[in-house]
Amino acid sequence: MKMTRETLDGVLVLRLSGQLMGGPDADAVREAIQEALRQGGRKILFDLGELTWVNSTGLGILISAHINASNLGGKVGLARVSRRIESILAVTRLDTVFQAFADEETALRALAS
Amino acid sequence: MKMTRETLDGVLVLRLSGQLMGGPDADAVREAIQEALRQGGRKILFDLGELTWVNSTGLGILISAHINASNLGGKVGLARVSRRIESILAVTRLDTVFQAFADEETALRALAS
Amino acid sequence: MIPPDADTFLAGDPGRSVLLTIPSRMEMLAVVDGLVQAIVSQLNLDEDTAIAVATSVVEAGTNAIQHGHGHEEGRPVHFRFFLGDDALEVWVHDTGPGFNPDAVLAADPTGPEDIFKARGRGIFIMRSLMDAVEFELGTRAGTTVHLVKRLGPGNGSSAVAGT
Amino acid sequence: MIPPDADTFLAGDPGRSVLLTIPSRMEMLAVVDGLVQAIVSQLNLDEDTAIAVATSVVEAGTNAIQHGHGHEEGRPVHFRFFLGDDALEVWVHDTGPGFNPDAVLAADPTGPEDIFKARGRGIFIMRSLMDAVEFELGTRAGTTVHLVKRLGPGNGSSAVAGT
Ligand SMILES: Nc1ncnc2c1ncn2[C@@H]1O[C@H](COP(=O)(O)OP(=O)(O)O)[C@@H](O)[C@H]1O
Ligand SMILES: Nc1ncnc2c1ncn2[C@@H]1O[C@H](COP(=O)(O)OP(=O)(O)O)[C@@H](O)[C@H]1O
Numbered sequence: 389m390k391m392t393r394e395t396l397d398g399v400l401v402l403r404l405s406g407q408l409m410g411g412p413d414a415d416a417v418r419e420a421i422q423e424a425l426r427q428g429g430r431k432i433l434f435d436l437g438e439l440t441w442v443n444s445t446g447l448g449i450l451i452s453a454h455i456n457a458s459n460l461g462g463k464v465g466l467a468r469v470s471r472r473i474e475s476i477l478a479v480t481r482l483d484t485v486f487q488a489f490a491d492e493e494t495a496l497r498a499l500a501s
Numbered sequence: 389m390k391m392t393r394e395t396l397d398g399v400l401v402l403r404l405s406g407q408l409m410g411g412p413d414a415d416a417v418r419e420a421i422q423e424a425l426r427q428g429g430r431k432i433l434f435d436l437g438e439l440t441w442v443n444s445t446g447l448g449i450l451i452s453a454h455i456n457a458s459n460l461g462g463k464v465g466l467a468r469v470s471r472r473i474e475s476i477l478a479v480t481r482l483d484t485v486f487q488a489f490a491d492e493e494t495a496l497r498a499l500a501s
Numbered sequence: 002m003i004p005p006d007a008d009t010f011l012a013g014d015p016g017r018s019v020l021l022t023i024p025s026r027m028e029m030l031a032v033v034d035g036l037v038q039a040i041v042s043q044l045n046l047d048e049d050t051a052i053a054v055a056t057s058v059v060e061a062g063t064n065a066i067q068h069g070h071g072h073e074e075g076r077p078v079h080f081r082f083f084l085g086d087d088a089l090e091v092w093v094h095d096t097g098p099g100f101n102p103d104a105v106l107a108a109d110p111t112g113p114e115d116i117f118k119a120r121g122r123g124i125f126i127m128r129s130l131m132d133a134v135e136f137e138l139g140t141r142a143g144t145t146v147h148l149v150k151r152l153g154p155g156n157g158s159s160a161v162a163g164t
Numbered sequence: 002m003i004p005p006d007a008d009t010f011l012a013g014d015p016g017r018s019v020l021l022t023i024p025s026r027m028e029m030l031a032v033v034d035g036l037v038q039a040i041v042s043q044l045n046l047d048e049d050t051a052i053a054v055a056t057s058v059v060e061a062g063t064n065a066i067q068h069g070h071g072h073e074e075g076r077p078v079h080f081r082f083f084l085g086d087d088a089l090e091v092w093v094h095d096t097g098p099g100f101n102p103d104a105v106l107a108a109d110p111t112g113p114e115d116i117f118k119a120r121g122r123g124i125f126i127m128r129s130l131m132d133a134v135e136f137e138l139g140t141r142a143g144t145t146v147h148l149v150k151r152l153g154p155g156n157g158s159s160a161v162a163g164t
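Residue numbers (the numbering used here), protein chains in the order written: chain X, 389 to 501; chain A, 389 to 501; chain G, 2 to 164; chain S, 2 to 164.
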């Protein structure tokens, strides 16, 4: 997994590429989110457009992000969810936990409001 | 390998997709070309845009086509050659045998003249 | 399934078997996925079937590396793919301690209490996406997960139809 | 290289070895290529290096299926990939009759007489695209082609760098 980050309209945007599968991936994401939350950020958007797949350990990373943000009254969204990632979210019912948006723009508008 | 054929401006256009690697692939291409030559066609264009790769046995198929057409005064061109296919043509010097064109239109104009 | 040596290969239907062995490193799952993509594309499977198989094989591989081998990279994980006419079957084998699947099979990670847990979804995912998931334990050292995806019409033609 | 059983795997550097076994069917070369694509992508190799390796492995596999096994699909072809820091190495093994590589190595299929021949380019292609191509014959039944691609800077970092 590779990750780039940017803050747009007060939302921490994490753009992931490759595969999300726990281990070092988890540390990188957790660190980025902890830092944003410490600095007062409360909204996180994962752009998954360049992510080939996520496995169940990778789902754990997204869930931790959700819990950490929620505990502080924040929220987490997903943008550009591929059919393959949509499938694993649907099967695990995590599509009821994460709001998914077609693109970053739509997501930023919804999260900012 | 999958193949579709069409005759455009008197040129037999063979559009290949998948991988070209001898065996049944050779028979399908040979048959299409023999039929065109029998009916008086003399110009053949392979559109390789959807072909992932060709191996050395696949190169043999293209060479046979070239020889069969040349023997009757015809010619063979290639369109949309990917970097990978360009590489095997360059290494074998077959880039000196086959004229390559960026797209079908350019190829048809050149072959028709 | 025992580790894939030539005998194992020949014992099945060798013209339809593909074997893969990887180190126990999570990033090797991307290599496994690449092979699965090539196999499902070779079989002309529809996208949903392809996704189901790839996702499940990655989950089984994740468990083998993580729970079976504790991320000790030198311990090989073996995959066998059987490209049948009616089904694509996959065996994923590790030489780890094994486990009792009964408790896992009873769990539902989608319930309101469990949905926020970071773990416990792998086997549920496989069972949701495949037609059969079996665990072979005890006959030889280690764990083998046997995954079956039946291929109906619309899921490509014969597995041996070729290019 | 002998057929990939667990012992062979462990004898090398198992944390960096990937093994693949396929039936002797030409269309299975697409499956081999899929695995190679995933490996070179995992290693972050540049496009030219990736093409060189994939093309050469497919050529070695073509020869194993065609000349080694005469397209008898039940005879397995074995591939071993070694993901070293300085080189990507591949062994392709068949159990066929072998051959004398000397005559082949002397031939140049690009000369004016040979360029229109339908065959005789496989080994030349491998030798042109790889840093080393060796044939291991005689020690065990069959032929093993050993391909080496050295990885310089710009060809990805350490092979074990991960995702
Ligand atoms: N190959 C295996 N070897 C040993 N234990 C396993 C294996 N696969 C699964 N398990 C056990 O079953 C449990 C449930 O697995 P799973 O549903 O995949 O969720 P998770 O891996 O997230 O815990 C694991 O926590 C582990 O204890
Ligand atoms: N694995 C092999 N087993 C037996 N003979 C082989 C093998 N690989 C190559 N050869 C022999 O070497 C010759 C040259 O091989 P190659 O350069 O790949 O061209 P081609 O395969 O088109 O003939 C083959 O015709 C064959 O006689």
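Backbone N, C-alpha and C fix where the C-beta goes; we use that ideal spot for every residue, glycine too.
L425(X) and T145(S) have their C-alpha atoms roughly 57 Å apart.
With a cut-off of 6 Å, the C-beta of N101(G) is classified as distant from ligand 1, since no heavy atom of the ligand falls inside that distance. Here M391(A) is not near L408(A), since their CB atoms are 7 Å or more apart.
Look at A498(X) here: in three-state DSSP terms it is helix. Short of 7 Å from the beta carbon of A478(X), and not among the five residues preceding or following it, lies no beta carbon of its own chain. Secondary structure remark: continuous alpha helix (DSSP H) runs of at least 4 residues inside the segment 456-499 of chain X, in chain order: 471-479.
Proximity of chain G to N456(X) at the Cβ level (cut-off 7 Å) is not reached, the minimal Cβ distance being about 11 Å. Not flagged as an interface residue toward chain X: V58(G), since no C-beta distance is shorter than 7 Å.
Inclusion of G121(G) in the 6 Å shell around ligand 1 follows from its C-beta lying nearer than that to a non-hydrogen atom of the ligand.
With a threshold of 16 other beta carbon atoms within 10 Å, E28(S) meets it and is buried. Nearest to D132(S) by alpha-carbon distance, out of N64(S), E74(S), A39(S) and S57(S), is S57(S). A Cβ of chain A is located within less than 7 Å of the beta carbon of M27(S). In the structure shown, the three-state DSSP call for E60(S) is helix. Listed along chain X is no residue with a C-beta nearer than 9 Å to that of S42(G); the closest approach is about 14 Å.
DSSP places F125(S) inside the alpha helix (DSSP H), whose first and last residues are G123 to L130. Judged by pairs of C-beta atoms under 8 Å, the segment 64-75 of chain S does not touch the segment 448-460 of chain A, as fewer than three such pairs exist. In this structure I126(G) is not in contact with E74(G), their Cβ atoms being roughly 24 Å apart against a cut-off of 8 Å.
Here G406(X) is bridged, per DSSP, to L439(X). With at least 16 other beta carbons inside 10 angstroms of its own, T445(A) counts as buried.
Judged by DSSP secondary structure, L396(X) falls within the beta strand (DSSP E) whose first and last residues are K390 to L396. Within chain S, no C-beta atom comes less than 9 Å from the C-beta of T144(G); the nearest is roughly 15 Å away. Within the chosen limit of 6 Å, ligand 1 reaches the beta carbon of N64(G) through at least one heavy atom.
Less than 7 Å divides the Cβ of A495(X) from the Cβ of L433(X).
At least one heavy atom of ligand 1 lies less than 6 Å from the C-beta of H68(G).
For H72(S), the closest of T96(S), F80(S) and L84(S) by C-alpha to C-alpha distance is T96(S). Counted as a single uninterrupted DSSP element, the alpha helix (DSSP H) harbouring I421(A) occupies residues P412 to R426. The Cβ neighbour count for L404(X), taken over all protein chains shown within 10 Å, is at least 16; the residue is labelled buried.
R468(X) and E48(G) have their alpha carbons spaced roughly 18 Å apart.
Note: R81(G) is bridge-paired with L20(G) and W92(G) in the DSSP secondary-structure output.
Note on geometry: alpha-carbon atoms of G143(G) and R481(X) lie some 31 Å from one another. Under the Cβ criterion of 7 Å, Q407(A) is counted among the residues facing chain S. Relative to the non-hydrogen atoms of ligand 1, the Cβ of I124(G) comes within a distance shorter than 6 Å of at least one. C-alpha of A88(S) to C-alpha of G462(A): approximately 46 Å in a straight line. Contact fails between the segment 105-114 of chain S and the segment 22-39 of chain S, because fewer than three Cβ pairs, one in each stretch, are under 8 Å apart. The beta-carbon distance between P24(S) and R128(G), rounded to whole angstroms, is 30 Å. This is too long to meet the 8 Å contact definition.
Relative to ligand 2, V105(G) has its C-beta separated by 6 Å or more from all heavy atoms.
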